[in-house]
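One structure is given here, and the rest of the page talks about it.
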Amino acid sequence: MKMRKRHVFIAAAIVVILLWMVSFFSPEGAIRRYMVLHLHPISAFTSKMTDMGRYDLQYGHLYDVSGYSARTTRDALSVFYVKKKGPFWYVSSVGSAP
């Protein structure tokens, strides 16, 4: 029985690591990873993300995200810019729309 629990734990850890690695290969994954790292795991799965089709040389690709707000101020943070470095995506800037 002890060995079975250990196998389940190892399998769960492998799934988490694989999901973490996959999140670097898409802009939506990078935004979701940002949300989880900023202690919004539920928002990471419930927020709607829309590619706005705009690119800024300084900030990157513009995404509109609904359903995400700052924990401290409760302000909606709906503007995400993501950049690609090689095959990997990352969030370069987050804010609210004017």
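Quick note on the numbering used here: the sequence shown kicks off at 33 and runs consecutively. Quick reminder that beta carbons are idealized off the backbone N, C-alpha and C, glycines included. Quick caveat, the model's predicted, so the values are computed rather than measured.
Does residue i pass the burial test, meaning 16 or more other C-beta atoms within 10 Å, or should it be called exposed?
i: residue 121; result: buried
i: residue 72; result: buried
i: residue 79; result: buried
i: residue 87; result: exposed
i: residue 109; result: buried
i: residue 123; result: buried
i: residue 47; result: exposed
i: residue 98; result: exposed
Could you tell me the boundaries of the alpha helix (DSSP H) in which residue i lies?
i: residue 50; result: 34-54
i: residue 78; result: 73-78
Looking only at C-alpha atoms, which of the options sits nearest to residue i?
i: residue 119; options: 53, 45, 34 and 48; result: 53
i: residue 165; options: 35, 34 and 83; result: Any answer about residue 165 is impossible in this case: the structure gives the chain only from 33 up to 130.
i: residue 77; options: 61, 90 and 89; result: 61
i: residue 95; options: 70, 113 and 50; result: 113
i: residue 58; options: 81, 91 and 129; result: 81
i: residue 129; options: 55, 101, 75 and 51; result: 101
i: residue 70; options: 85, 34 and 104; result: 104
Using the three-state DSSP reduction, which class does residue i fall into: helix, strand or coil?
i: residue 95; result: strand
i: residue 65; result: helix
Between which two residues does the beta strand (DSSP E) carrying residue i extend?
i: residue 120; result: 120-127
i: residue 113; result: 111-117
So, does the region 37-46 touch the region 54-66, judging by three or more C-beta pairs under 8 Å?
no
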